[in-house]
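Protein chains in written order, with the working numbering: chain A, 528 to 780; chain B, 3 to 141.
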Amino acid sequence: MNKLFSAIKLFYHKLGSYPWFYSISSKFLPISSVLALMIFGIGIVWGIFYSPSDATQGEIYRIIYMHVPAASVAQSIYFALATAGFVYIVWKMKMAGLFIKAMAPIGASFTLLALISGAIWGQPTWGTWWVWDARLTSTLVLLLFYLAIIGLYSSFDNKKSADQAVSILAMVGAINLPIIKKSVDWWNTLHQPSSIRVFEESSISSEMLYPLLVCILAFYLLVFVFGLMAIRAEIAKREMNKEWFKKIIIKND
Amino acid sequence: MKQHRKNRIYVILFIGISILISIFLVFSALQENINLFYSPTDLQNNPPMSDKSIRAGGLVKENSLIRDKDSLKIFFEITDLKNTVSVSYEGLLPDLFKENKGVVATGYFYPSANEFVAYEILAKHDENYVPKEVKKALE
Numbered sequence: 528m529n530k531l532f533s534a535i536k537l538f539y540h541k542l543g544s545y546p547w548f549y550s551i552s553s554k555f556l557p558i559s560s561v562l563a564l565m566i567f568g569i570g571i572v573w574g575i576f577y578s579p580s581d582a583t584q585g586e587i588y589r590i591i592y593m594h595v596p597a598a599s600v601a602q603s604i605y606f607a608l609a610t611a612g613f614v615y616i617v618w619k620m621k622m623a624g625l626f627i628k629a630m631a632p633i634g635a636s637f638t639l640l641a642l643i644s645g646a647i648w649g650q651p652t653w654g655t656w657w658v659w660d661a662r663l664t665s666t667l668v669l670l671l672f673y674l675a676i677i678g679l680y681s682s683f684d685n686k687k688s689a690d691q692a693v694s695i696l697a698m699v700g701a702i703n704l705p706i707i708k709k710s711v712d713w714w715n716t717l718h719q720p721s722s723i724r725v726f727e728e729s730s731i732s733s734e735m736l737y738p739l740l741v742c743i744l745a746f747y748l749l750v751f752v753f754g755l756m757a758i759r760a761e762i763a764k765r766e767m768n769k770e771w772f773k774k775i776i777i778k779n780d
Numbered sequence: 003m004k005q006h007r008k009n010r011i012y013v014i015l016f017i018g019i020s021i022l023i024s025i026f027l028v029f030s031a032l033q034e035n036i037n038l039f040y041s042p043t044d045l046q047n048n049p050p051m052s053d054k055s056i057r058a059g060g061l062v063k064e065n066s067l068i069r070d071k072d073s074l075k076i077f078f079e080i081t082d083l084k085n086t087v088s089v090s091y092e093g094l095l096p097d098l099f100k101e102n103k104g105v106v107a108t109g110y111f112y113p114s115a116n117e118f119v120a121y122e123i124l125a126k127h128d129e130n131y132v133p134k135e136v137k138k139a140l141e
């Protein structure tokens, strides 16, 4: 037990080091990129060409293969930002502040993708692009939190105070996550409750569920790849003039 | 853990709990308004003022749908399996509008006649996704 704890502690300290992260991520990046693209391809092709059409909606339901994964990663990224905010405020780990800065635009993009794909689906099925129900509105609030984090960060000249401010904002916004998740159960909404269930049988047939799960996995892998790239870019930006970084650049030339 | 870090965690916990409490208060005050629509039971128990546009939602009752032959007018009943309210509407309907399926209507409610005059109809899709062949086999 103690051994495990010290191993985790060591990993945590390594994770906080820019040079360690920069070198280890360069090893992970190519293989995870290939893997992500492959699984993304499999999921999308399976979902669009090889899964049956829905009895009531016909073909339009296939937007689910974009919409659900996008909404899922959008919320998970925010959870990661809030966790990083907590780590930054308590332990002042520089990497955590950098993580928020790097990941916020990725989270914002996926939230926007979820909102847009939902609107495109809503127009033919519901009869409207947008309605102010609890699920849609709380997801819009998620997008606004992401944009607020991006805006707040860029309003500071000093990186330290910027990291501090966005950490607090990221934590405050976490309150929105359970609201998004439970909105369809707590209130009358136009948005349907979720079809994928962990503890009981899903209300989506398995022929449609499996490609959807592959798409969800693919989106998480894509976020991992985009995240590595964004964090590396931000490290490069902050450490441009440091000795260790120059050494790597010279070595690679 | 060092004392100043512990203190920071306490401060975060304190702020977090106060935000939670305030959000809880806001939501319990707003409870009515967060719901997108009134169910037929809500309409019967505390009818809202009829001069304000509201939304009513539920299932389209089976065998209640009547289409006017010469116009786009339709009449149907919305039910939540306890109470029903009759709805009239003139215009185009979304693809998914069907008997026994969810619907959200926007319009004016007249409590004395238990009638709802809608100017917008939205179809509510449920969480069930079934392939065509499977559905046919089931029926």
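Ideal Cβ positions, reconstructed from N, Cα and C, are used throughout, including at glycine.
Own chain, CB closer than 7 Å to residue i, minus 5 neighbours either side, in chain order
i	result
W573(A)	P738, V741
N477(A)	The structure shown does not extend to residue 477(A), since chain A is modelled only from 528 through 780, so no value can be given for it.
S55(B)	T108, G109, Y110
M630(A)	I604, A607, L608, G754, A757
A675(A)	L696
Option nearest residue i by Cα separation, candidates the options
i	options	result
D690(A)	L670(A), K530(A), M622(A), Y545(A)	M622(A)
K687(A)	S730(A), I616(A), Y605(A), V668(A)	I616(A)
A597(A)	Y549(A), L531(A), T652(A), L642(A)	L642(A)
K214(B)	I19(B), F16(B), L83(B), D70(B)	The requested residue 214(B) is not part of the displayed model; chain B covers only 3 to 141.
V87(B)	K75(B), L74(B), K103(B), D44(B)	D44(B)
P113(B)	V89(B), V106(B), E101(B), H127(B)	V89(B)
K778(A)	A534(A), P632(A), S550(A), E586(A)	S550(A)
G612(A)	F626(A), L640(A), G570(A), F532(A)	F626(A)
Y40(B)	I68(B), D72(B), L22(B), N85(B)	N85(B)
I731(A)	I591(A), S544(A), F538(A), M565(A)	I591(A)
E129(B)	V595(A), A534(A), S533(A)	V595(A)
L736(A)	M767(A), Y577(A), G649(A), N685(A)	Y577(A)
G93(B)	I14(B), L27(B), L74(B)	L74(B)
P79(B)	S66(B), L140(B), V105(B)	It is worth fixing the name first, because residue 79(B) is Glu in this sequence and not Pro. It is S66(B).
K137(B)	A582(A), E766(A), L556(A), K541(A)	A582(A)
A58(B)	N116(B), E135(B), L32(B), K8(B)	N116(B)
D660(A)	Y91(B), D70(B), K4(B), V106(B)	V106(B)
G570(A)	K769(A), K764(A), I743(A), R759(A)	I743(A)
Q650(A)	I706(A), V725(A), P632(A), Q584(A)	Q584(A)
A120(B)	K100(B), Y91(B), A139(B), G104(B)	Y91(B)
I790(A)	I535(A), Y539(A), S552(A)	Because chain A is modelled from 528 through 780, residue 790(A) falls outside the range shown and cannot be assessed.
A760(A)	Y545(A), K536(A), I535(A), K541(A)	Y545(A)
I706(A)	G104(B), F29(B), K4(B)	F29(B)
M3(B)	E727(A), V561(A), K536(A)	K536(A)
Q5(B)	F637(A), A635(A), W618(A)	W618(A)
6 Å Cβ shell around residue i - same chain, five flanking residues per side excluded
i	result
I25(B)	none
R662(A)	S710, V711, T716, H718
F772(A)	E766
M528(A)	none
R69(B)	I76
G543(A)	M620, M622
V640(A)	Going by the sequence as given, residue 640(A) is Leu instead of Val. The answer, listed in chain order, is A597.
A563(A)	L748, L749, V752
Cβ-based neighbour list, residue i, same chain, cut-off 8 Å, excluding 5 preceding and 5 following
i	result
S559(A)	L748, F751, V752, L755
S694(A)	A611, G612, F613, Y615, I616, A623, G624, I627
W657(A)	A646, G649, L663
Whole-Å CB distance - residue i paired with residue j, under 8 Å assumed
i	j	result
S733(A)	Y131(B)	That pair is no contact at about 10 Å.
F111(B)	P50(B)	7 Å
T81(B)	G60(B)	5 Å
P133(B)	T652(A)	So it is not a contact: roughly 17 Å between Cβ atoms.
T655(A)	L98(B)	Rounded, the Cβ-Cβ distance is 12 Å, inconsistent with contact.
A757(A)	F567(A)	That pair is no contact at about 18 Å.
G700(A)	Y588(A)	Incorrect: roughly 31 Å between the Cβ atoms, too far for contact.
W648(A)	N37(B)	Wrong, their Cβ atoms sit about 22 Å apart, outside the cutoff.
M698(A)	I14(B)	7 Å
P579(A)	E135(B)	7 Å
Assigned exposure category for residue i - 16 Cβ within 10 Å defines buried
i	result
G678(A)	exposed
F16(B)	exposed
W547(A)	exposed
I776(A)	exposed
M593(A)	buried
L143(B)	Since the first residue of chain B shown is 3 and the last is 141, residue 143(B) is not available in this structure.
K126(B)	buried
S644(A)	buried
A601(A)	buried
M565(A)	exposed
S682(A)	exposed
F555(A)	exposed
S599(A)	buried
I633(A)	buried
A635(A)	buried
Any chain E beta carbon closer than 8 Å to residue i
i	result
Q584(A)	Protein chains A and B are contained in the structure displayed, whereas chain E is not.
Problem - Entirely enclosed alpha helix (DSSP H) segments - the region 551-618 of chain A, minimum 4 residues - result: Runs of alpha helix (DSSP H) with 4 or more residues, each lying fully within the region 551-618 of chain A, are found at 591-618, listed in chain order.
Exercise for the section: Scan the region 42-91 of chain B and note each continuous alpha helix (DSSP H) run of 4 residues or more that stays entirely inside, going in chain order. Expected result: DSSP runs (the alpha helix (DSSP H)) wholly in the region 42-91 of chain B: 42-47.
Exercise for the section: Report the residue ranges of all alpha helix (DSSP H) runs contained in full by the region 693-754 of chain A; include only those spanning at least 4 residues, in chain order. Expected result: Fully enclosed alpha helix (DSSP H) runs of 4 or longer: 703-713.
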